[in-house]
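Asks: Protein chains in written order, with our numbering: chain A, 1491 to 1618; chain B, 25 to 391. For each residue, glycine too, the CB sits at the ideal point set by N, CA and C. All values reported here derive from a predicted model rather than from experimental measurement.
(1) Assuming residue 161 of chain B contacts residue 152 of chain B (C-beta within less than 8 angstroms), just tell me the rounded distance between them.
(2) When the Cα atoms are used, what is the spatial distance from residue 1579 of chain A to residue 1587 of chain A?
(3) Write down the C-beta distance between residue 296 of chain B and residue 284 of chain B rounded to the nearest angstrom, noting that I regard them as a contact closer than 8 angstroms.
(4) As a quick exercise: from B:373, B:210, B:356, B:130, pick the residue whose alpha carbon is nearest that of residue 363 of chain B.
(5) Would residue 178 of chain B and residue 70 of chain B qualify as a contact pair, given that the criterion is a beta-carbon distance under 7 angstroms?
(6) Which of the residues in the stretch 223 to 251 of chain B, read from start to end, lie with their CB under 7 angstroms from any CB of chain C?
(7) Under 7 angstroms, do residue 245 of chain B and residue 111 of chain B count as touching if we go by C-beta distance?
(8) Suppose the cutoff is 6 angstroms on Cβ atoms and the five residues either side in sequence are ignored; what does the same chain contact list for residue 93 of chain B look like?
(9) Are the C-beta of residue 1528 of chain A and some C-beta of chain B separated by less than 7 angstroms?
(10) Could you have a look at residue 112 of chain B and say whether DSSP puts it in helix, strand or coil?
(11) What are the start and end residues of the beta strand (DSSP E) that includes residue 253 of chain B?
(12) Do you know whose CA, among B:37, B:325, B:287, lies nearest residue 238 of chain B's CA?
(13) Indicate whether residue 133 of chain B and residue 85 of chain B have their beta-carbon atoms separated by less than 7 angstroms.
(14) Take the Cβ of residue 1553 of chain A as the centre, count every other Cβ of all protein chains shown within 10 Å, and call the residue buried at 16 or more, exposed below.
(15) If you draw a straight line from the C-alpha of residue 49 of chain B to the C-alpha of residue 43 of chain B, how long is it?
(16) Counting contacts by CB-CB distance shorter than 7 angstroms, is residue 58 of chain B in contact with chain A?
(17) How many Å lie between residue 366 of chain B and residue 1604 of chain A at the Cα?
(18) When you check each C-beta in the stretch 1551 to 1562 of chain A against every C-beta of chain B, which residues fall closer than 7 angstroms?
(19) Leaving out five residues before and five after residue 319 of chain B in sequence, what residues of the same chain have Cβ atoms less than 7 angstroms from its Cβ?
(20) Beta-carbon within less than 8 angstroms of residue 175 of chain B's beta-carbon, same chain only, minus the 5 sequence neighbours each way: which residues are those?
(21) Cα separation between residue 1511 of chain A and residue 1594 of chain A?
(22) Check this for me: beta carbons of residue 233 of chain B and residue 171 of chain B, under 7 angstroms apart or not?
(23) Can you name the start and end residues of the beta strand (DSSP E) that residue 348 of chain B belongs to?
(24) Given this structure, state the Cα-to-Cα distance separating residue 115 of chain B from residue 345 of chain B, to the nearest angstrom.
(25) Using beta carbons (cut-off 7 angstroms, strictly below), is residue 1531 of chain A in contact with chain B?
(26) Once the 5 residues before and after residue 1518 of chain A are set aside, which same chain residues still bring their CB inside 8 angstroms of it?
(27) Using C-beta distances below 7 angstroms, list every residue in its chain close to residue 206 of chain B, excluding the 5 sequence neighbours before and after it, in chain order.
(28) Could you tell me which whole alpha helix (DSSP H) segments of length 4 or greater appear in the stretch 120 to 166 of chain B?
(29) Just the Cα atoms here: how many angstroms apart are residue 1614 of chain A and residue 1514 of chain A?
(30) Within the continuous alpha helix (DSSP H) that includes residue 232 of chain B, where are the two ends?
(31) Taking residue 315 of chain B as the query, report the chain A residues whose CB atoms sit under 8 angstroms from its CB, ordered along the chain.
(32) My guess is that residue 352 of chain B and residue 304 of chain B are in contact by the Cβ rule of under 8 angstroms, so how many angstroms apart are they, rounded?
(33) With a CB to CB cut of under 7 angstroms and the five nearest residues on each side skipped, what residues in its chain are close to residue 47 of chain B?
(34) Using a Cβ-Cβ cut-off of 7 angstroms, state whether residue 338 of chain B counts as contacting chain A.
(35) Considering only their Cβ atoms, is the gap separating residue 1529 of chain A from residue 189 of chain B smaller than 7 angstroms?
(36) Show which residues of chain B have a CB atom less than 7 angstroms away from the CB atom of residue 1525 of chain A.
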């Protein structure tokens, strides 16, 4: 449910770092809480993502939620597939359902302060 | 904040893994499998809904009809035949909508009223305050169970539970039946746009009937989430979102429930005046290009705000955002181009005349 090679934030996003590019999506727990995702509003390539700030919105039938970026940097890619197939967020939150890729300034420290999979599981156990 | 009430089916919902939410003072299931899946199950097969939270009032006496005629806007003479049912609203003296109701002519000198849970106390107080002492009023809400069975296969399932010789009641009628031997009333009414019934039973039998229905593998338990998307696709008004005390039935698109010619009733003068002058705003349907409209989002004409979204959702059948909104009457014609301001963007919206979805089993059954 929570891959150990990812880092997690308290807003239920995950990050995967490849070199200096961070891929960001929402966790299994988040998609399960939302229910069927019907719309994802993502920023444009070239926009700036700021750690802790909203970069988009995700809508289920019942609710709308902000998406928060766990890292800062320039957005270098967005998942265009989600426009036509938002359900990918439910079906494959860690792979096909990714949302944005961000080039971070300092890969060595970009994920500081984020949770490991074990820490995140303990965190959501406390939230439930 | 008083404690939330639970229907007789509460434990069933929890056992089925439903997500429970507070609604109108009740702890109700919002979804089991997922809103879209439940929605499509009702459009394609059959779904069941716990609506035990709704209010049931019974009125009896020689003057019951005349007294209720003065309270509701529609004409009870349309249901003089036993078993007939009528959708109506009731209004205050200014024409403000107190609630929408279905009145069932359940017996000689007797009417059953089913009303919204959220308005239980207001409805009861209003109706009983306007009844003569000769009419007996009984609040049967606590001891009455109500389960909606809706979808193109609903009547087949009900027929199998009712046994050989079962004849379904006609559309907008109510009749006695037995489901698995349990005495019930079957009302051929609903809030989904699909054919089906609402099963009225004693509260103590609600669990048994719920389980009988779920013994059919094609029957999907459905929560309030799907109930809302299903009703909005049909353009059915929801009290609290599409209408309230501050709006009259003409503006709300419910003019067809107002029988001005039937004689005097509460709100008649005010409603007649509004109808004569034409309402300044109207409830319209909107189909939205992008994103999901939600209650309270501003509706724009060009840059100017001209109204607010009343009900909004993602339509699982159409795969796009749909809404209702009050807009100035001169912007209410189908085809009018408006926009909805969402949190991060403005989306184009076009006025349409509901229903948003056509060709349901109900439209086939009634044609």
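Replies: Put simply:
(1) Yes, residue 161 of chain B and residue 152 of chain B are in contact; Cβ-Cβ is about 5 angstroms, under 8 angstroms.
(2) 4 angstroms
(3) 6 angstroms
(4) B:373
(5) yes
(6) In the structure shown, chain C cannot be found, because the protein chains are A and B.
(7) no
(8) 100
(9) Chain B contact via Cβ: present.
(10) strand
(11) Residue 253 of chain B -> not in any beta strand (DSSP E); alpha helix (DSSP H) instead, spanning 248 to 257.
(12) B:37
(13) yes
(14) exposed
(15) 16 angstroms
(16) yes
(17) 31 angstroms
(18) 1551, 1552, 1554
(19) 265, 333, 334, 335, 336
(20) 65, 66, 67, 68, 69, 70, 71, 216, 218, 219, 220, 385
(21) 6 angstroms
(22) yes
(23) 344 to 352
(24) 31 angstroms
(25) yes
(26) 1491, 1492, 1583, 1584
(27) 225, 229, 232, 233
(28) Secondary structure in the stretch 120 to 166 of chain B: the alpha helix (DSSP H) runs of 4 residues or longer, each lying completely within the stretch, are 144 to 153 in chain order.
(29) 19 angstroms
(30) 230 to 238
(31) 1529, 1531, 1549
(32) 7 angstroms
(33) 248
(34) yes
(35) no
(36) 55, 58, 59
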